[in-house]
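Structure, as structure tokens:
Residue numbers (UniProt numbering): 1 to 289.
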């Protein structure tokens, strides 16, 4: 199948309307209909059920929609990476690093300093993302490398190196009674009537139901906590960002968080390899003085 045919089919499958799909693609409806019919004949399978003005997917069409989206995303990612490689070959190399806004700030600063001291280092553009966006940018070719956090971020399809593993703390407004405890459990926090836990976005962009505020990144969340509107469970390293208005208490039953540096498994970029080497040097035990 040609990528043009795949784009045509995905547009119709997502819109479930030939007219809207044609408008989205910037073509007339008749050639779009003929292209889908040719594709069905070549595959020997019906992809769409047509009933009057209504269009729905067959089982085969649902499979092709899922696979087609992945294939088109891979093509677009290849285009982006190829263009960056071409710029590098023309003497304009650069790396794009994606990381969650407000997270791993100390580690990121140390990584950029360590890599910058390498004589072969290239400029690094840092993209600060919302929750869960780093992996998407890495998959679609927008980013060359990313800092991810297990168990919250998926790393399937990436090569990774562990950088650090840490416990988690409850971040609460300073002066709140729970801040005086030596430690808490997740059940303790879930039972607080005045400090609901935040609601992070689901993969589809919606939010789960609940009383907590809707948040997309840690700096936004810290503001809600300072206002006394929420509490949160965050990695231990967040302590370096806390101001006097916030306290942190260890959460004894929260899963430990591992920060990893991730890159596409098929990457052959010398610049990516250099950045990964710099990151792994940071994770090595330092000699005692």
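Quick reminder that beta carbons are idealized off the backbone N, C-alpha and C, glycines included. Here the structure is a predicted model, which is why all the values come from computation and not from measurement.
In the three-state scheme derived from DSSP, where H, G and I count as helix and E and B as strand, residue 161 is classed as strand. Here the alpha carbons of residue 131 and residue 63 stand approximately 28 Å from one another. When DSSP reads this structure, residue 148 sits in a beta bridge with 260. The Cβ atoms of residue 169 and residue 217 do not sit closer than 8 Å to each other.
Fully enclosed alpha helix (DSSP H) runs of no fewer than 4 residues occupy 18-25, 29-43 of the region 13-85, in order along the chain.
The beta-carbon distance between residue 165 and residue 256, rounded to whole angstroms, is 5 Å. This is short enough to meet the 8 Å contact definition. C-alpha of residue 106 to C-alpha of residue 220: approximately 18 Å in a straight line. For residue 248, the uninterrupted beta strand (DSSP E) segment begins and ends at 246-250. The region 171-231 is shown to contain whole alpha helix (DSSP H) runs of 4 or more residues at 186-190, 218-226, in chain order. Residue 137 and residue 98 have their C-alpha atoms some 7 Å from each other. Closest option to residue 142, judged by alpha-carbon separation, among 30, 29, 108, 74: 74.
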